[in-house]
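In this note's numbering, the protein residues as written are 4 to 123.
Next up, the structure:
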């Protein structure tokens with residue numbers, strides 16, 4: 004059995020105590036880790052990603068989103084409910100219409116940074 008040399012790990016064990024202590028002190032709380040993980044998990048769904056992208060371009064009603072994505076109104080409504088529960092989108096009523104938009108600028112910036120990363 005041969006042992007292969009690995010280039011992706013240190014050849015020796017050496018822990019920088021100051022760095023470890025500083026990062027530990029700044030580490031996210033368990034609640035922050037859970038919430039952030041759930042946010043990224045929600046964005047991992049292709050349909051929800053398309054909805055977020057569409058809403059980054061324009062405020063849209065459920066029927067509009069259905070037309071853009073080519074899926075049923077019911078399917079769009081289900082995905083919007085998930086996005087609303089995670090506070091990624093919000094809605095406003097105007098007479099008999101309900102319009103959706105991104106919840107705030109943070110969501111658009113997060114999405115655009117991720118998009119920029121995958122396009123590089």
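No residue lacks a Cβ here, since even glycine has one placed at the ideal position from N, Cα and C.
Apart from the five residues on each side of it in sequence, which residues of its chain come closer than 6 Å, Cβ to Cβ, to residue i?
i           : result
residue 102 : 62, 64, 95
residue 108 : none
With DSSP as the reference, label residue i as helix, strand or coil.
i          : result
residue 91 : coil
residue 79 : helix
residue 65 : helix
residue 18 : coil
residue 99 : coil
To the nearest angstrom, report how far apart residue i and residue j are at their CA atoms.
i           : j           : result
residue 77  : residue 33  : 35 Å
residue 28  : residue 10  : 30 Å
residue 21  : residue 117 : 31 Å
residue 23  : residue 74  : 49 Å
residue 111 : residue 67  : 19 Å
residue 115 : residue 60  : 11 Å
Check whether the Cβ atoms of residue i and residue j sit closer than 8 Å, and answer yes or no.
i           : j           : result
residue 119 : residue 106 : no
residue 85  : residue 45  : yes
residue 72  : residue 104 : no
residue 31  : residue 55  : no
residue 42  : residue 100 : no
For residue i, collect the residues of the same chain with a Cβ closer than 7 Å to its Cβ; drop the 5 residues on either side in sequence, then sort them by chain order.
i          : result
residue 51 : 45, 82, 85, 86
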